[in-house]
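Going by the numbering used here, the final residue of the sequence shown carries number 1350, and the count climbs one at a time with no gaps.
Ideal placement from N, C-alpha and C gives every residue a C-beta, glycine not left out.
What follows is a set of notes on a single structure, which appears directly below.
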Amino acid sequence: MSVIVDGKTIDAAPRPGQCLRTFLRDTGHFGVKKGCDAGDCGACTVLLDGEPVHSCLIPAFRADGKAVTTVEGLAIDDSLHPMQQAFLDAQAFQCGFCTAGMIVTCASLNQAQKKDLGAALKGNLCRCTGYRAIEDALLGRTHVEDVAAGEAFGRSLPAPAGPDVVCGKARYTFDTAIEGLLHIKLVRSPHAHARIIGIDKTPALAVPGVHAVLTHEDAPATLFSTARHEQNWMDPADTRVLDDTMRFIGQKVAAVVAETEAAAEEGCRRLIVDYEILPAVIDPEAAIAPGAPVIHSGRGSEHRVADVSRNIAAETHGEFGDVAAALASSAAIYEGTFTTQRVQHAALETHGGLAWLDDDGLLTVRSSTQVPFLTRRALCEIFALAPDKVRVFCARVGGGFGGKQEMFVEDILALAALKTGRPVKLEFTREEQFIATSTRHPMRVSVKAGADKDGRLTALQLDVLSNTGAYGNHAGPVLFHACGESISVYNCPNKKVDGRAVYTNTVPAGAYRGYGLPQTTFAVEAAIDELALKLGIDPFEMRRRNIVKPGDPMLTPPGSDESDVLYGSYGLDQCLDLVEHAMAKATPTPDLSDEWLTGDGIALTMIDTVPPDGHFADATISLREDGGFTLTVGTAEFGNGTSTVHRQIAATVLGTTVDRISLKQSDTAHGGHDTGAYGSTGTFVAGRATQAAAEALVERIKSFAADRWTVDPADCRIADNAVSCGTQRLSFASIASLGGDRLTATGNSQGTPRSVAFNVQGFRVAVNKHTGVVRILKSVQAADAGRVANPMQCRGQIEGGVAQSLGAALYEEIVIDDTGRVVNPRFRDYHLPSYADVPRTEVLFAATLDSIGPLGAKSMSESPYNPVAAALGNAIRAATGIRFTAVPFKPDRLFPQLQEKFGN
């Protein structure tokens, strides 16, 4: 076959059945991404004779004699294509994994197609941005700024990887070629609960090219959790690399390691496994009922499982005051039970990695992870390896959302590399992402709330049943977080919490953006609105009368030993004002028939800026020979923007520009430690380490100059790429030439004290009373992010969080049948928001300056997600007069109650 790719002729024979996507990647065109291999996401889009196609759907042989243009071939004479430049100017990306395919599609649009972007972009999904920035790129809008030395922080500066992202040159986990690579495929359990009584490897090993078949007999028996936290107490030790007991459909049974993926897949098909089928329990209510099958028999308190006999992974109980008495004497009370569903992170880069041993026996793992340092720690513990014998790092990561705060692949990669001595690769399919990684915790939340005649809360009570699935990764921390800030944001003398996270024989739940708060906030904010309605009080005013203010304790039963959460800054009052004023403004609305009912709704949330009990980060910064600086941090970049913000922090402190700060990150080989990029800590914790390192280097530079000038270092000043004292001045380059290139400083952050961040969401909706269709007419979110490090980037985080949360509120849902099987493990059966689905959200910032965060900033990546479903539920209630208590708000779920009230 002869094909012209990006202007160069390639003569090669594709493998039987090979698609164009894998053919292009085999020839080194790594800008062509794998997001689904089903034609659903568009990450693999290329031009075939000038027409955009999903290359995963095109048989490679059909490109014979044709011209293929990838994102890398769009540029002309080493200059960016106008669409690449437009995406760069608008910063129309976050993680960037979808960007190559998105740019190729956008570059192919004619003027008529640009008038209907909903139709034109329906084949390209973005999980990060919320699409507004992509629209801005198509409209030619520029958002990036140029700033002077020392003025980077607080300005809209571009991401350092931007030029590589828009050209398809940014390297993600699998964008590399390794000689002698073996491929891993996993045999997965067809049963929800079963014990393996025998495995016959012989037929699988007979497949040509198969090197090894690994089972529980080949793996360490060490118990651990796939969840990665700084402290082990947070998660139960209930997982093995490969187990002899299957606890959900899709659990890994064995790993087949072969020369090709096809050989590994054939080996999986031929492996013979004999199972003893065990009783399964799918429903969490049934799981805690007397006589229910015990899912983790033999585990106990030493494994950090709360009550194995009742399938309770974690629980919390406590009360302040007397809730029952307070409810009995309240002027208004509300009781309701709310349910939230499983949703998938749907990061476009699936879980996966590469592993190899070097000549010195160093095990290296290149993985799509948010937590390289904690993953190294776990691998050392499981395989009894010294820390200096394991390196874990990540290239650019294609989205995370909490799903990569887990160790789903690195343990198998390490086992296979250690057993075979060869480099190995494991890349999950999209189906495996759905059936075998983790989801958001589905919860049943019962709320009771009371208020006096003036609208002051008298009682708040939560009863939470969280379904953690087959394993307890994040079961406790998500439960505790869900029962925390959702009610501690309100002053109330009587509070009670009962919460249980329960094992079932279903796909495990885990860390997900918001970490439990969206589920409970959905119930609590509904209760606040219902009390306001009963008392005739405006929803904004009801909240103003009850929210905590500086000086108020932030209390949640049963309480904790942690007293390090402070009001580093406070902008919740501003956020309420901003949303109220924005919602009051007249906005154009479409012509609606009398079938449509309209209403407004709001919700608020508070979130601690750091997880409890320690979150650590180290940073090192050095002066280079050219007068620039090299900054080394451990935190990972996956669309969270830390690469941009860390350079802004360092440049501001050092009186230089961001282009003079080179960044090394997310590699255990660089030394130091970083707990990980989760819990919104990439800026708040790791950023404080960068600030400390930069400030320490400033003092070293001042001392170096002061010694030469025989002056007091306190009289020296840093500005405009130089140090000065009076009329004397030395540029950084001059200092380096005089021996100052050896100047290095380190910084550290312990993750304490912690601050709190706030978000308020407002919606105006129209609901069709005869069909249940919900249309969003207005979306506003106000955020207290402290001093906003990068307004353009922070706005994008909020827009993306709102879009992702709207997906979960309106239609996303992992459906599990009565046997425990995921029935919709692909994008086309799981409705991800596309361009046409997402309204534009007006983003507003409170004017605060945090006393704890780096240069006054606070976290703002998780929290925008949290109030969305609650605000939408309140808006639908205002429109219809019906309190819907289950998400997603799909038309068919709303229709029965609407029909009952309004008729046909």
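Residue i (DSSP reduced to helix, strand or coil)
i       : result
Asp1105 : helix
Glu1371 : Past the boundaries of the shown model lies residue 1371; the chain is included only from 447 to 1350, so the question cannot be answered.
Ile1322 : helix
His1092 : helix
Ser1297 : coil
Lys568  : coil
Gly915  : strand
Gln851  : coil
Cys1162 : coil
His927  : helix
His1116 : helix
Val1219 : coil
Lys894  : strand
Tyr936  : strand
Ala1303 : strand
Ser1009 : coil
Lys835  : helix
Glu805  : In the sequence as displayed, the identity of residue 805 is Asp instead of Glu. Of the three classes helix, strand and coil, the one that applies to Asp805 here is coil, per DSSP.
Ala658  : strand
Ala905  : strand
Phe874  : coil
Glu707  : helix
Met680  : helix
Residue i - containing beta strand (DSSP E), residue span
i       : result
Ala978  : Run containing Ala978: none in the beta strand (DSSP E); it sits in the alpha helix (DSSP H), 963-981.
Gly945  : 941-949
Ser448  : 448-451
Cys1171 : 1168-1171
Lys812  : The identity of residue 812 in the sequence shown is Arg, whereas the question assumes Lys. Note, Arg812: beta strand (DSSP E), 809-813.
Ile456  : 454-457
Arg641  : 640-646
Leu628  : 628-634
Glu497  : 497-500
Beta-carbon gap between residue i and residue j smaller than 8 Å
i       : j       : result
Phe539  : Thr515  : no
Val449  : Ala509  : yes
Phe1084 : Val843  : yes
Pro818  : Phe839  : yes
Ala1063 : Ala1132 : yes
Asp684  : Arg745  : yes
Arg837  : Leu864  : no
Gly1299 : Ala1179 : no
Ala1030 : Leu1290 : no
Phe543  : Gly845  : yes
Leu628  : Glu705  : yes
Beta-carbon proximity list for residue i, same chain, < 6 Å, skipping 5 on both sides
i       : result
Thr1055 : Phe1130, Arg1200, Ser1201, Ala1203, Lys1304, Ser1305
Ala921  : Ala759, Ala760, Thr914, Ala947
Thr1190 : Ser1068
Glu591  : Arg601, Ser602
Extent of the continuous alpha helix (DSSP H) to which residue i belongs
i       : result
His920  : Looking at the DSSP string, His920 is not in any alpha helix (DSSP H), and its letter there is neither H nor E.
Arg471  : 466-472
Asp610  : 608-613
Glu591  : Glu591 -> no alpha helix (DSSP H), and no H or E assigned at all.
Arg578  : 578-584
Gly1133 : 1132-1155
Arg990  : 985-990
CB contact below 8 Å: residue i versus chain D
i      : result
Pro649 : Checking the listed chains, one finds no chain D in this structure; it contains a single protein chain.
Contact set for residue i: own chain, Cβ-Cβ below 8 Å, skip 5 residues either direction
i       : result
Lys1110 : Thr1076, Leu1077, Thr1078, Val1079, His1116
Ala565  : Gln559, Ala1282
Ala916  : Arg693, Phe694, Gln697, Ile741, Tyr949, Thr950, Asn951, Thr952, Val953, Pro954
7 Å Cβ shell around residue i - same chain, five flanking residues per side excluded
i       : result
Ala665  : Arg686, Val687, Leu688, Leu861
Leu963  : His927, Ala928, Glu931, Ser932, Thr1051, Ile1053, Asn1312
Ala1168 : Arg1175, Leu1176, Ser1177, Phe1178
Ile1095 : Phe599, Gly1133, Thr1136, Gln1137, Ala1140, Pro1300, Leu1301
Every unbroken alpha helix (DSSP H) inside the segment 1025-1053 [4 residues or more]:
Whole alpha helix (DSSP H) segments, 4+ residues: zero.
Please specify which runs of the alpha helix (DSSP H), each continuous and at least 4 residues long, are wholly inside the segment 515-559, giving them in chain order.
Listed in chain order, the complete alpha helix (DSSP H) runs (minimum 4 residues) inside the segment 515-559 are 528-536, 545-553.
Curious, which full-length alpha helix (DSSP H) runs of at least 4 residues does the segment 716-778 contain?
Restricted to the segment 716-778, the alpha helix (DSSP H) segments that are unbroken, complete and at least 4 residues in length are 730-733, 769-774, listed in chain order.
What alpha helix (DSSP H) runs, 4 residues minimum, are completely inside the segment 1174-1215?
Those alpha helix (DSSP H) runs which fall completely within the segment 1174-1215 and span 4+ residues are 1178-1183.
Which whole runs of the alpha helix (DSSP H) in the segment 1237-1286 are 4 residues long or more, in chain order?
Runs of the alpha helix (DSSP H) inside the segment 1237-1286: 1237-1256.
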